[in-house]
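Below you'll find the structure, written out as structure tokens, and then a few comments.
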Amino acid sequence: MVTRAYRAGELIAHDFPLHEVSDHLETDGCHVWIDLTDPTADDLAALEDELGLHELAVEDALQDGQRPKIDRYDNHLFTALYDVRFDRASGVLDTSEVKAFITERALVTIHHPEFDVARLQATFDQNRDLASHGVSYFLWGLLDCVVDRHFDATDALDDEIEGIADDLFDPTPRTIDVQKRSFALRKSLVQLRRVASPMREVLNTLLRRDLKEVDADMQPYFQDVYDHVLRVAEQNDSLRDLVSTILDTNLNLQSNRMNLIMKKVTSWAAIIAVPTAITGFYGQNVPYPGFQSPAGFVTSCVLIVAIGGLLWWQFKRRDWL
């Protein structure tokens, strides 16, 4: 658990227990951030009493699998977000759900252990000049941290897709590997789209002027996060199109390789057909020029080599062999 209390933009207390939250909130101009990792129902029940949280919001906080959203209640907001991380080694996109209660003077974040809370703390520490904006500062930091992770995952997916595109035209193609990686990346892009696209609705809600939880002076910062959300969504769409193009190109290349193989097989069949025809002809049980004479054998061999060589040269010139 992480707790911090700010007053007039200055950090005045940290790592205090939950039962002291109300004491800090009674202090005029004090704002509190509470971070909980896998809290129990009893933990949230205590916060429900301390902050006057709505029971439906508390119920959502205890359940996983929420769609990214923001809900408005009488005295607070509730939001569900997703932190993401792309594992380059396995090619899997990992998602971690993050939920938050936003009151006029407190932000409560709830998440699983895999969420990098140190990154969120660093965001707060690097932007202390905004701390005087209270809860809006906490909420902006959370959204900025999450959306930056979406950006990082998108860039990692972009790099991986570029690697697959380079492998397409490798002299020794790895067709099955390209297909597997492409399908895995398309699945990751769908996952990313599922958690990133609804962020537009979340930011649109926060950009409304009638929200008492959001300081008007912080609106430009939330607008900046909204612009980043749009860029992630646009880049995600572009990458999905690129993966589809890679899969189509891979199939076309396979078809071209198959056609090339068929040309080679057909060309060799044509070459082999020449000696077969000649020997078959000379094998007829009738006299022919050179019959029972070494000259006949030499003539047939010369014809086989000459015509077969001519066909080979023609096929080679046309790049059929």
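Here the sequence shown is numbered in this note's numbering, starting from 795 and rising by one per residue.
Glycine included, every Cβ here is placed at the ideal spot set by N, Cα and C.
Bear in mind that the values here come from a model prediction, so they are computed numbers and not experimental data.
Using the Cβ count rule (16 or more neighbours within 10 Å means buried), how would you classify residue i?
i, result
"Glu804", "exposed"
"Met993", "buried"
"Arg913", "exposed"
"Pro862", "buried"
"Ile806", "exposed"
"Asp971", "exposed"
"His808", "exposed"
"Glu954", "buried"
"Ile958", "buried"
"Trp1107", "exposed"
"Leu901", "buried"
"Asp877", "buried"
"His906", "exposed"
"Arg1051", "exposed"
"Val886", "exposed"
"Gln920", "exposed"
"Phe963", "exposed"
"Asn998", "exposed"
"Phe977", "exposed"
"Phe909", "buried"
DSSP three-state label for residue i, please.
i, result
"Asp971", "helix"
"Phe810", "coil"
"Tyr867", "coil"
"Leu830", "strand"
"Ser890", "strand"
"His1022", "helix"
"Thr1070", "helix"
"Leu1001", "coil"
"Glu804", "strand"
"Phe909", "coil"
Starting from residue i, follow the alpha helix (DSSP H) in both directions and report where the run begins and ends.
i, result
"Ser816", "815 to 819"
"Phe932", "929 to 962"
"Ser1094", "1088 to 1111"
"Ala900", "Element bounds for Ala900: not the alpha helix (DSSP H) but the beta strand (DSSP E), 900 to 905."
"Ala851", "849 to 856"
"Leu845", "835 to 845"
Is the beta carbon of residue j closer than 9 angstroms to that of residue i?
i, j, result
"Ala840", "Cys824", "no"
"Val996", "Thr917", "no"
"His818", "Leu847", "no"
"Val1019", "Val941", "yes"
"Leu856", "Ala894", "no"
"Arg899", "Val929", "yes"
"Leu1033", "Thr948", "yes"
"Asp836", "Thr797", "no"
"Ala851", "Asp865", "yes"
"Glu853", "Val815", "no"
"Leu1041", "Thr969", "no"
"Leu875", "Leu812", "no"
"Ala1010", "Arg1003", "yes"
"Glu1007", "Ile896", "yes"
"Leu1105", "Ile1055", "no"
"Glu820", "Gln860", "no"
"Phe880", "Ser991", "no"
"His944", "Val826", "no"
"Asp952", "Arg987", "no"
"Thr889", "Val989", "yes"
At which residues does the beta strand (DSSP E) containing residue i begin and terminate?
i, result
"Phe880", "871 to 881"
"Arg798", "796 to 801"
Kindly examine the ligand SAH and report whether one of its heavy atoms sits closer than 8 angstroms to the Cβ of residue i.
i, result
"Asp942", "The ligand content of the structure shown is nil, which means the ligand SAH is not present either."
Hey, is residue i's beta-carbon within less than 9 angstroms of any beta-carbon in chain C?
i, result
"Thr1093", "Among the chains in the structure shown there is no chain C, since it carries only a single protein chain."
Going along the chain, which unbroken runs of the beta strand (DSSP E) with 3 or more residues stay wholly within the stretch 1010 to 1067? none
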